[in-house]
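A.B. asks: Per the working numbering, the very first residue in the sequence shown carries number 281; after that it's consecutive.
Mind having a look at this structure? Questions to follow.
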Amino acid sequence: MAVFEGWWPYVFIAIAGWLATDLWRWLGVLAGNRLRDDSEVLNWVRAVATALVAAVIAKLILYPTGVLEHSPLWLRLGSIAAGVTAFFIGRQKPAVGIATAIAVLAIGLYALGF
């Protein structure tokens with residue numbers, strides 16, 4: 281039994297990790313298969329998910345940490361404006377908007393000496 285003596289924390293973590301994530305994913309898949317794509321419940325879930333992502337992005341822009349904490353607000357907002365503009369000009373491809381916003385922010389930070 282000495283072989284299994286140090287293994288119990290890893291087994292516990294694996295089981296707890298599975299219960300916390302995969303179980304709920306499978307329940308979501310089972311429940312989601314019964315929903316129509318145009319149902320009100322699914323529209324509500326999409327709206328809540330979009331709002332949560334928007335809130336996280338707003339928090340990162342308005343209350344940043346690390347190097348961005350010392351960067352000026354106008355640079356952070358300007359990089360977002362450039363990214364949104366590039367997104368709409370670039371046929372609404374998210375990668376174009378994200379890459380542009382990151383590039384503008386990086387160039388601005390470099391120009392300011394960060």
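C-beta: ideal position from N, C-alpha, C; glycine also.
What three-state label does DSSP hand Tyr290 in the structure shown?
C.D. replies: helix
A.B. asks: To the nearest whole angstrom, what separates the beta carbons of Gly370 and Val376, a pair I think is in contact under 8 Å?
C.D. replies: 3 Å
A.B. asks: If contacts are defined as beta-carbon pairs under 8 Å, then Gly358 and Val384 qualify, I think. What distance do you get, rounded to the angstrom?
C.D. replies: Yes, they are in contact, since the Cβ atoms of Gly358 and Val384 sit about 7 Å apart, within 8 Å.
A.B. asks: Hey, would you say Leu392 sits closer than 9 Å to Pro344, going by beta carbons?
C.D. replies: In this structure, Pro344 does not lie closer than 9 Å to Leu392 by Cβ.
A.B. asks: For Arg356, is the classification buried or exposed, using 16 other Cβ atoms within 10 angstroms of its Cβ as the cut-off for buried?
C.D. replies: Classification for Arg356: buried.
A.B. asks: With C-beta atoms as the reference, is Leu332 less than 9 Å away from Leu322?
C.D. replies: For Leu332 and Leu322, no; Cβs fall outside 9 Å.
A.B. asks: Suppose the cutoff is 6 Å on Cβ atoms and the five residues either side in sequence are ignored; what does the same chain contact list for Ile341 look like?
C.D. replies: Arg356
A.B. asks: With a cut-off of 8 Å on the beta carbons, I'd call Thr380 and Ala361 a contact; round off their distance for me.
C.D. replies: Actually they do not touch by this definition, with Cβ atoms about 10 Å apart.
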